[in-house]
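S.K.: Take a look at this one; I'll ask things after.
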Amino acid sequence: MKKLHLLLIAFSLTSYAQTTDYEITSYLVEGFKAPNTNYQGEAWLNSVIRADGSIPYNITKATFKANSTLNWHKHTDRQVLIVVDGVGYYQEKGKQPVTMRLGDIFKCAANTEHWHSSSKDEDVTYLAIYQGETQWTEVLSQEAYDQVADLLKDN
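To convert a position in the sequence shown, counted from 1, into my numbering, add 13.
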């Protein structure tokens, strides 16, 4: 009788655990390969959260394969980048480039021209939190990217 009782409890808990009304997604999903329009190399995007009537911002997971970079751009509102894997580069116009690493959080003010990328030898993955529009300003040449890679190679 005791075994039957435990079996019934286990079955009811299993049934309960399998039923959910939650909307569950994961930022761990790689996403889709981005069309190669405003970057060089290979990028994958996972639109984790899209702005709507109840949430005013977007969260996108972006993975840039080694030796891949976005072009210069700016956002009409601020952007936050949270590095969740790998190594990359970040630079704002008029400032020195820096290395992005796991755990780093970059807060970019609205209308600040900048670019971010993977490092020359490693992929980088970050969560981008933003709202508003993105304006692409100029192409970051392979030569300019290579110069940053050389500058930051020992960082």
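Just so it is clear, CB atoms sit at the ideal spot from N, CA and C, and this is done for glycine as well.
If I follow the unbroken beta strand (DSSP E) through Gln104, where does it start and stop?
M.R.: From DSSP, the beta strand (DSSP E) with Gln104 extends over Gln92 to Glu105.
S.K.: Could you check if Leu165 is buried or exposed, using at least 16 other CB atoms within 10 Å of its CB as the buried criterion?
M.R.: Buried, by the Cβ-count rule.
S.K.: Taking C-alpha atoms, which residue in Ile68, Ser81, Pro69 and Asp65 lies nearest to Thr50?
M.R.: The option with the nearest alpha carbon to Thr50 is Ser81.
S.K.: Under 8 Å by Cβ, that's how I've got Phe119 and Tyr143 pegged, so tell me the actual separation to the nearest angstrom.
M.R.: No, Phe119 and Tyr143 are not in contact; Cβ-Cβ is about 12 Å, not under 8 Å.
S.K.: When the Cα of Asn71 is compared with those of Val93, Glu105 and Met113, which residue comes out closest?
M.R.: Residue Val93 is the option with its Cα nearest to Asn71.
S.K.: Out of curiosity, what's the CA-to-CA distance linking Gly99 and Glu135?
M.R.: Each residue's Cα considered, the two are about 6 Å apart.
S.K.: Please classify Thr89 as buried or exposed, where buried requires at least 16 neighbouring CB atoms within 10 angstroms.
M.R.: Looking at its Cβ environment, which holds fewer than 16 other Cβ atoms inside 10 Å, Thr89 is exposed.
S.K.: For Leu165, name the three-state secondary structure that DSSP assigns.
M.R.: DSSP places Leu165 in helix when its eight states are reduced to three.
S.K.: Which residues does DSSP list as the beta-bridge partners of Arg63?
M.R.: Per DSSP, none; premise fails for Arg63.
S.K.: In its own chain, which residues sit with a C-beta less than 8 Å from the C-beta of Glu156, not counting the 5 before and 5 after it?
M.R.: None.
S.K.: Leu58 bridges to which residues according to DSSP?
M.R.: DSSP output for Leu58 lists Phe45 and Ala75 as bridge partner(s).
S.K.: Only counting the same chain, and skipping five residues up and downstream in sequence, which positions put a Cβ closer than 7 Å to that of Ile68?
M.R.: Only Ile62 meet the Cβ criterion.
S.K.: In angstroms with no decimal places, state the Cα-to-Cα distance between Ser130 and Glu43.
M.R.: Those two C-alpha atoms are separated by around 17 Å.
S.K.: Start and end of the beta strand (DSSP E) containing Ile37?
M.R.: Looking at the DSSP string, Ile37 is not in any beta strand (DSSP E), and its letter there is neither H nor E.
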